[in-house]
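Going by the numbering used here, the letters in the sequence shown line up with residues 8 to 167, in that order.
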Amino acid sequence: MPVDALEQPSPFGAVRSEDSLRMMMRLHAGQLPPEVTGPATKVQKYLAERVADIGPLPVSEGAGVELRGARLAMVGAVPVAVYSYRAWGVPLTVVSRSVAAARGAVDEAEVEPTAPDVAAPAGILLDRRAGLSLLHVVSHDRVLTLVSELGGRALLDLAP
8 MPVDALEQPS PFGAVRSEDS LRMMMRLHAG QLPPEVTGPA TKVQKYLAER VADIGPLPVS
68 EGAGVELRGA RLAMVGAVPV AVYSYRAWGV PLTVVSRSVA AARGAVDEAE VEPTAPDVAA
128 PAGILLDRRA GLSLLHVVSH DRVLTLVSEL GGRALLDLAP
């Protein structure tokens, strides 16, 4: 995958736009209380009842990583699930959105639809802004962005 693939117009272009990065940084810095807390199964059930194709929890618990809860939000015109974790004593926010939702966000000028049979780019990219690392894990059906004061290497160790 080309290094600048997610900066170009595509279903993922808006993930790395300055507006999108700022929104995800605000979600992390705001530390809004989760809509749902409790064990991972309860959090996942809550989200699955409200969001189609939510997928599995983005980060596994254990070895210093604790799920605190989740909430639903919008990043631009795209609905996202925002997971709140504590990783090695530091807040970690994971923003999860489906590729289908990004493709369906016609209001978002940076999103260019692709043919249904064309595979979208996949990979991992890192942005750094204002002391935060934003690690984007892009698969063919989901985009996860891990936001934290932890460095890129630590986030990479947490990435699915």
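Glycine residues also receive a C-beta, built at the ideal position from the N, C-alpha and C atoms.
Met32 places its beta carbon less than 8 angstroms from that of Val154. Where His143 is concerned, the enclosing beta strand (DSSP E) starts and stops at Leu139 to Val145. Only residues of its own chain outside the window of five on either side were considered, and among them Gly71 have a CB closer than 6 angstroms to the CB of Trp95, listed in chain order. Within 10 angstroms of the beta-carbon of Gly45 lie fewer than 16 other beta-carbons, which makes it exposed. Ala80 places its beta carbon 8 angstroms or farther from that of Leu64. Separation of Leu54 and Val87 (C-alpha to C-alpha, rounded to the nearest whole angstrom) is 10 angstroms.
Taking a C-beta distance under 8 angstroms as the contact criterion, Leu99 and Leu163 do not qualify as a contact pair.
Residues Lys49, Val50, Tyr53, Leu54, Gly76, Ala77 and Arg78 of the same chain have their beta carbon placed closer than 8 angstroms to that of Val43, with the five preceding and five following residues left out of the count. Nearest neighbour of Tyr90 by Cα position, chosen from Gly83, Leu28, Leu34 and Arg160, turns out to be Leu34. DSSP places Ala129 in the coil class of the three-state scheme, outside both helix and strand. Closest in alpha carbon position to Asp26, among Asp60, Tyr92, Glu68 and Ala84, is Ala84.
Per DSSP, the continuous beta strand (DSSP E) segment holding Val89 begins and ends at Val85 to Ala94. If you ignore the 5 residues before and after Arg136, its C-beta comes within less than 7 angstroms of the C-beta of Leu28 and Met32, all in its own chain and listed in chain order. Close CB contacts of Leu141 within its chain, under the 8 angstroms cut and outside five residues either way in sequence, are with Leu28, Met31, Met32, Leu133, Asp134, Arg135, Thr152, Leu153 and Val154 (chain order).
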